[in-house]
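Taking it in order: structure first as structure tokens, then the write-up.
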Amino acid sequence: MDSKKPMTKGEIVDHLATKLGVSKKLAGEFLTELVDLVYQEAGNEITLPGLGKFTTVERGERTGRNPKTGESMVIPAKKLVKFKVSKTLQDTVVS
């Protein structure tokens, strides 16, 4: 597999099915359920051991600039989902 091209969902399902010795259908259902669980817990903190942690943060109101006109404007406050990579994964990537 080319390391410069991201894996598709189908490639991930194929890999899981082969590695775990299960059907592609079951591997696909597992992946879908995992994603659904992350969506369901989006308002809370959820940790995927060895991968990282999803959290929500409040970004406060701030002043910005309209790139077309250069005019100052207020950017409203909003909630964001953030993902912090685990130290184990970070060390693997950096090594």
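My numbering puts the first residue of the sequence shown at 1, with every later residue one more than the last. C-beta atoms are modelled at their ideal positions from N, C-alpha and C, and glycine is treated no differently. The model shown is predicted, which means the values in this text are computed figures rather than measured ones.
**Request:** Assuming Ala42 and Gly60 form a contact by the criterion Cβ under 8 Å, report the distance between their Cβ atoms to the nearest whole angstrom.
**Result:** Not confirmed; about 20 Å, so no contact.
Strand pairing of Gly10, partner residues [DSSP]: Its beta-bridge partners do not exist; DSSP assigns none.
Which residues share a DSSP beta bridge with Glu58?
Lys79
field: Whole-angstrom distance between Ser23 and Val13, CA atom to CA atom
entry: 9 Å
- prompt: Between the beta-carbon of Lys79 and the beta-carbon of Thr63, is there less than 8 Å?
  reply: no
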